[in-house]
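Numbering (this note's numbering), first residue to last: 176 to 284.
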């Protein structure tokens, strides 16, 4: 899939994905309507900086505070909440209206 996040995820959604899990270490506040996008922060410093936009802090693994198993269970529990009607942070913030970008032939800027 393309490296440009919105184009890559648009392809996944167009292929039938109904939940998106999006990892970021730089703080992308990506959201994609019509499907919920759960954002996973890969480091605690970034998570703390934009906590209102990140759903799960996976940096706790590198920090030694949680295990991969524990964070995996946290992600799964959050997905179960979202699948039951809870909003992701991007949905609560209203992100995603302009993020549906089909792959173009040629360069994407």
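Note that the Cβ used here is the ideal one computed from N, Cα and C, for glycine as well. Treat the numbers as computed from the prediction; the structure is a model and nothing was measured.
- Report yes or no: do three or more beta-carbon pairs, one from the stretch 266–278 and one from the stretch 193–205, lie closer than 8 Å? The stretch 266–278 is in contact with the stretch 193–205.
- Straight-line CA distance for residue 201 to residue 218? Working through the chain shown from its first residue, we reach residue 201 at position 26. Working through the chain shown from its first residue, we reach residue 218 at position 43. Distance between the alpha carbons of residue 201 and residue 218: 9 Å.
- Indicate the three-state DSSP secondary structure (helix, strand or coil) for residue 231 in the structure shown. As a position in the chain shown, residue 231 is number 56, starting the count at 1. Strand at residue 231.
- Look at the alpha carbon of residue 185 and the alpha carbon of residue 195, and state the distance between them as a whole number of angstroms. For the purposes of this step, residue 185 is taken as the residue at position 10 of the chain shown. For the purposes of this step, residue 195 is taken as the residue at position 20 of the chain shown. Each residue's alpha carbon lies about 10 Å from the other.
- Message: Assuming contact is defined by CB atoms lying nearer than 7 Å, are residue 246 and residue 233 in contact in what I supplied?
- Response: Mapped onto the chain shown, residue 246 falls at position 71. Mapped onto the chain shown, residue 233 falls at position 58. Their beta carbons are under 7 Å apart, which means residue 246 touches residue 233 by this criterion.
- Item | Residue from 197, 225, 251 whose Cα sits closest to the Cα of residue 213 | Locating residue 213 in the chain shown gives position 38, where the first residue counts as 1. Measuring from the Cα of residue 213, the nearest candidate turns out to be 197.
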